[in-house]
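**Q**
There are 2 protein chains.
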Amino acid sequence: MAEYAQRTDRPAMSEWIEQMAAHFEATEAMPLIAGRILAFLLICDPPERTAAELSHALSASTGSVSTNVRLLMRLGIISRTTRQGREAALYRVEEDRWPHLVRHRMQRVTELEELTEAGLRMFSGQGERARRLRTVHEFYRWLSGEMPELWKRWEREGRPKLRF
Amino acid sequence: MAEYAQRTDRPAMSEWIEQMAAHFEATEAMPLIAGRILAFLLICDPPERTAAELSHALSASTGSVSTNVRLLMRLGIISRTTRQGREAALYRVEEDRWPHLVRHRMQRVTELEELTEAGLRMFSGQGERARRLRTVHEFYRWLSGEMPELWKRWEREGRPKLRF
DNA sequence: CTATCTTTTCAGCGACGACTAAAGTCGATC
DNA sequence: GATCGACTTTAGTCGTCGCTGAAAAGATAG
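For the record, the sequence lines run as chains A and B. The first sequence begins at 1 in UniProt numbering and counts up one residue at a time. The second sequence begins at 1 in UniProt numbering and counts up one residue at a time.
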């Protein structure tokens with residue numbers, strides 16, 4: 001109660017969390033609760049939380065938290081640390097993994113290249129019929145080619161400071 | 001019946017269409033029928049089709065075709081041409097608009113930058129609490145900065161041949 | 001205005017998925 | 001081995017959404 005950041009009782013904070021969750025629902029097809037957990041773990045202090053704390057802070061059932069915490073771990077965006085004794089495990093956001101998340105998302109978009117290529121082979125690539133498909137294919141081919149360079153650039157220039 | 005490309009009675013073709021539709025369902029949150037229409041219009045010969053033809057070729061109700069054709073037009077990815085008399089309107093894919101579609105999709109991803117920025121302002125930007133959020137924010141800021149150059153490059157170098 | 005063809009709207013169905021509550025499993029401590 | 005807390009699984013509810021079929025609305029020609 002004393003610590004504001006511990007809970008979502010600041011209306012502005014819980015509203016911000018809802019907006020973040022809405023974004024991930026729309027762009028990553030992520031359940032709302034997963035997005036809420038992610039947003040909360042980004043700004044809570046201290047940064048590590050138990051499942052019970054998440055459940056309480058976000059007014060979600062323990063079952064939901066369990067399911068969604070596993071989803072986020074599968075995506076590599078949060079990690080879990082266990083402790084001795086019967087103490088609950090702690091979850092924390094792995095903010096450095098964020099680029100991987102976005103990268104993975106964009107990679108799925110460019111995967112259409114394979115389908116358009118298969119289509120071109122299948123529907124013999126000459127004539128007007130193939131022209132439209134080839135136009136689309138060439139765009140995706142170009143885009144997939146750009147991606148590796150983009151992420152290399154992030155590693156080199158984008159990333160604010162290297163940690164070692 | 002004579003023309004293969006007219007219908008989806010070649011199993012390989014209808015399977016390809018299903019795969020395309022599945023891709024758009026996953027990456028663009030598009031109804032299956034919208035994706036089917038898009039895929040079919042990419043490879044049909046002739047390239048223009050009436051709603052009734054789409055409905056028949058894809059075994060979808062006229063209502064569904066109406067709804068989804070409007071969705072695709074709103075996205076700018078297909079266009080409609082009307083004709084004199086009581087003839088039905090014709091739809092065709094605007095394959096050159098494909099980059100806009102993808103661009104728009106990626107833009108929504110980078111919109112998170114605004115939210116992380118709002119968060120930084122809101123939760124005062126010092127201390128460990130803000131560190132995680134700033135890490136994420138800096139990534140999105142960098143990514144949004146890259147996007148305009150990426151698309152400029154497409155216009156200049158990527159696009160296979162200019163049409164004028 | 002009437003007849004005919006095209007397109008949209010809408011009620012209803014079925015499926016899917018997020019979510020919850022409660023029961024079940026696991027593991028550590030006594 | 002019994003107990004207690006942490007975590008997962010499951011059954012079931014609720015809301016949403018794609019889709020259909022049919023009716024309504026629109027449009028064009030006679």
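From the three backbone atoms N, C-alpha and C, an ideal C-beta is built for every residue, glycine too.
1. Along the chain, where does the alpha helix (DSSP H) containing A:R92 start, and where does it finish?
2. How would you write the range of the beta strand (DSSP E) that B:S79 sits in, first residue to last?
3. Is the separation between the beta-carbon of B:M30 and that of A:A12 shorter than 8 Å?
4. Relative to the alpha-carbon of A:P46, which residue among B:G127, B:T135, B:T50, B:P148 has its alpha-carbon at the smallest distance?
5. Just to confirm the assignment: which complete alpha helix (DSSP H) runs, minimum length 4, are found wholly within the stretch 109 to 159 of chain B?
6. Using a cut-off of 8 Å between C-beta atoms, extract the partners of A:H23 located in chain B.
7. Hey, how far is the Cα of A:R70 from the Cα of A:R153?
8. Are there 16 or more other CB atoms within 10 angstroms of the CB of B:S61, so buried, or fewer, so exposed?
9. When you compare only the Cα positions, how much space is there between B:L58 and A:R80?
10. Using 8 Å for Cβ pairs, my map puts B:L112 next to B:Y140. What's the rounded Cβ distance?
11. Looking at B:V109 and A:R105, is the spacing between their C-beta atoms short of 8 Å?
12. How would you list, in chain order, the residues of chain A whose beta-carbon sits under 7 Å from the beta-carbon of B:P99?
13. Note down, in chain order, every chain B residue with its Cβ under 9 Å from the Cβ of A:A57.
**A** So, from the listed chains and residues:
1. Working through the first sequence from its first residue, we reach residue 92 of chain A at position 92. Here A:R92 belongs to no alpha helix (DSSP H); instead the beta strand (DSSP E) covers 90 to 93.
2. Against the second sequence, residue 79 of chain B aligns to sequence position 79. That run of the beta strand (DSSP E) goes 78 to 81.
3. Your numbering for residue 30 of chain B matches position 30 in the second sequence. Your numbering for residue 12 of chain A matches position 12 in the first sequence. It is not a contact, given that the beta carbons lie outside the stated cut-off.
4. For the purposes of this step, residue 46 of chain A is identified with residue 46 of the first sequence, where counting begins at 1. For the residues B:G127, B:T135, B:T50, B:P148, the minimum Cα distance to A:P46 belongs to B:G127.
5. 112 to 122, 128 to 153
6. As a first step, residue 23 of chain A must be located in the first sequence, where it is residue number 23. Close partners of A:H23 in chain B (Cβ separation under 8 Å): E111, L112, L115.
7. Working through the first sequence from its first residue, we reach residue 70 of chain A at position 70. Working through the first sequence from its first residue, we reach residue 153 of chain A at position 153. Taking the straight line joining both Cα atoms gives about 31 Å.
8. For the purposes of this step, residue 61 of chain B is identified with residue 61 of the second sequence, where counting begins at 1. Classified as exposed, B:S61 has fewer than 16 neighbouring CB atoms from the shown chains inside 10 Å of its CB.
9. To locate residue 58 of chain B, count along the second sequence from 1; it is residue 58. To locate residue 80 of chain A, count along the first sequence from 1; it is residue 80. So the alpha carbons of these two residues sit roughly 47 Å apart.
10. Working through the second sequence from its first residue, we reach residue 112 of chain B at position 112. Working through the second sequence from its first residue, we reach residue 140 of chain B at position 140. The pair is a contact, with the Cβ atoms about 5 Å apart (cut-off 8 Å).
11. To locate residue 105 of chain A, count along the first sequence from 1; it is residue 105. To locate residue 109 of chain B, count along the second sequence from 1; it is residue 109. A distance below 8 Å separates the beta carbons of A:R105 and B:V109.
12. One-based indexing of the second sequence puts residue 99 of chain B at position 99. F139, listed in chain order.
13. Within the first sequence, the letter at position 57 stands for residue 57 of chain A. By Cβ distance, chain B contributes nothing, its closest Cβ being about 15 Å from A:A57, past 9 Å.
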